[in-house]
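One gets our numbering by counting positions in the sequence shown from 1 and adding 6 to each.
Taking it in order: structure first as structure tokens, then the write-up.
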Amino acid sequence: MISFLIFLGVFLFMECVTWLTHKYVMHGFMWYFHADHHQPKYEHTFERNDIFFVIFAIPSILLFYFGVQGGFNYLFFIACGVTLYGACYFLIHDVLIHQRFKWFKNTKNKYLIGLRKAHKIHHKHLNKEKGECFGMLFVPFKYYKM
Numbered sequence: 007m008i009s010f011l012i013f014l015g016v017f018l019f020m021e022c023v024t025w026l027t028h029k030y031v032m033h034g035f036m037w038y039f040h041a042d043h044h045q046p047k048y049e050h051t052f053e054r055n056d057i058f059f060v061i062f063a064i065p066s067i068l069l070f071y072f073g074v075q076g077g078f079n080y081l082f083f084i085a086c087g088v089t090l091y092g093a094c095y096f097l098i099h100d101v102l103i104h105q106r107f108k109w110f111k112n113t114k115n116k117y118l119i120g121l122r123k124a125h126k127i128h129h130k131h132l133n134k135e136k137g138e139c140f141g142m143l144f145v146p147f148k149y150y151k152m
């Protein structure tokens, strides 16, 4: 039971980490890597912004390694929470919102439509200033009503 609570808590906490990282790191001192993501058209399959997947994967890999070495201790379940959040982020951000893969083009789900609207508002700003909606899985309710 405690393992599940650790996993769930970390998964939920990752939304806070994502919001803070997106606002203060990606739209801050690492804007160089994130800037191409805010351009209307992508010139290549990959963006400089994709480096953030690697940056987030490294601690998760280390947590898995040390969690398994420690006999599937709490570090393993932290890694599971981080990894599941990363998978959800990929599916929501890259597949659903940006359509880098054409898997969920015609959804009628209000939650998913709200996520798309909030992210569209985020991308109306082409530079790093005046951004809004930095989260990924939890966005203000007003976007579900639009």
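Glycine residues also receive a C-beta, built at the ideal position from the N, C-alpha and C atoms.
Check	Outcome
Host alpha helix (DSSP H) of arginine 122 (start-end)	116-129
Reference phenylalanine 10, options Cys94, His125, Ser66 and Phe82, closest by Cα	Phe82
C-alpha gap between glycine 92 and glycine 77, whole angstroms	24 Å
Run of the alpha helix (DSSP H) containing glycine 87, from where it starts to where it stops	80-95
For lysine 36, three-class secondary structure by DSSP	Checking the sequence, you will find methionine at residue 36 rather than lysine. If DSSP states are grouped into helix, strand and coil, methionine 36 belongs with coil.
Environment of phenylalanine 13 [buried if 16+ CB atoms lie within 10 Å]	buried
Three-state secondary structure (DSSP) of valine 31	helix
Residue closest to isoleucine 67, alpha-carbon to alpha-carbon, out of Cys22, His125, Thr51 and Leu90	Leu90
Alpha-carbon spacing of cysteine 94 relative to leucine 143, whole angstroms	8 Å
Outcome for phenylalanine 35 when other beta-carbon atoms lying within 10 angstroms are tallied against a minimum of 16	exposed
Straight-line gap, valine 88 to valine 23 (C-alpha atoms, nearest Å)	10 Å
Three-state class that DSSP yields for leucine 143 in the structure shown	coil
Coarse secondary structure for arginine 54, derived from DSSP in three states	helix
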